[in-house]
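Trainee: Supplied in C-alpha cells, the structure appears directly below.
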Amino acid sequence: MEKVNLDDAFGSFDEHWSPRLAAELNGQAVKLAKLDGEFVWHQHDDADELFLVTSGQLRIEFREEENVVLDEGELLVVPRGVEHRPVADEEVEALLFEPSGTTNTGDTESELTKTDLERV
C-alpha cells in the first residue's frame, strides 16, 4: 500500500499529455495527467475511460454527441467505442481511470502516444 499525495504528484512533472501512473487496482490504472491544448481524436474499443478534473476546466469533444465541459471536481465516463477528443484551453490537472495497459491515444497512433508510463 502506497499513499499518493496528489499535489506532490502533479508537482513532480510538467509535461502535457504525458500521463503518469499513480496506482493500480482490480486491473485498473489510475493515471495523473496535465493537459493543455487539443489532444488527438481517438476511441478505446475495449475500455471505458473516466476523466476526473482536479484543477482547471476540460472540454471533451465528441463527433456524434454534444460536447461536455468538466469543471474542477467533476467527472465523466466516456463509454468504450465512443470517439472523443479532450481539449484544455488552459492547463488542466486530471485523474484518468481505465484498464491497465490502455494506451492514451486508443486506436490512433500519434507522437502523443505513451506506452511506458512513469510512476509518480
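For the sequence shown, our numbering assigns the number 28 to the initial residue and increments by one for each residue that follows.
For glycine and all other residues, C-beta sits at the position ideal for the given N, C-alpha and C.
The model shown is predicted, which means the values in this text are computed figures rather than measured ones.
Counting only runs that start and end within the region 68-106, where is the beta strand (DSSP E) found for 3 or more residues in a row?
Mentor: Runs found: 76-82, 85-89, 95-97, 102-105.
Trainee: Is THR132 buried or exposed, if buried means 16 or more other CB atoms sit within 10 Å of its CB?
Mentor: With 16 or more other Cβ atoms within 10 Å, it is buried.
Trainee: State the Cα-Cα distance for the pair ASN75 and GLU138, rounded to the nearest angstrom.
Mentor: For clarity, residue 75 is Asp in the given sequence; the question names Asn instead. Approximately 23 Å between the Cα atoms of the pair.
Trainee: Among LYS58, PHE66, PHE37, ASP35, which one has its Cα closest to the Cα of THR135?
Mentor: Considering only alpha carbons, the answer is PHE66.
Trainee: Give me the Cβ distance between THR142 and THR130, rounded to the nearest whole Å; I'm assuming they're in contact under 8 Å.
Mentor: Indeed they touch by this definition, with Cβ atoms about 6 Å apart.
Trainee: I'd like to confirm something about LEU52: is its beta-carbon nearer than 7 Å to some heavy atom of the ligand FMN, or not?
Mentor: Here there are no bound small molecules, and the ligand FMN is not part of this structure.
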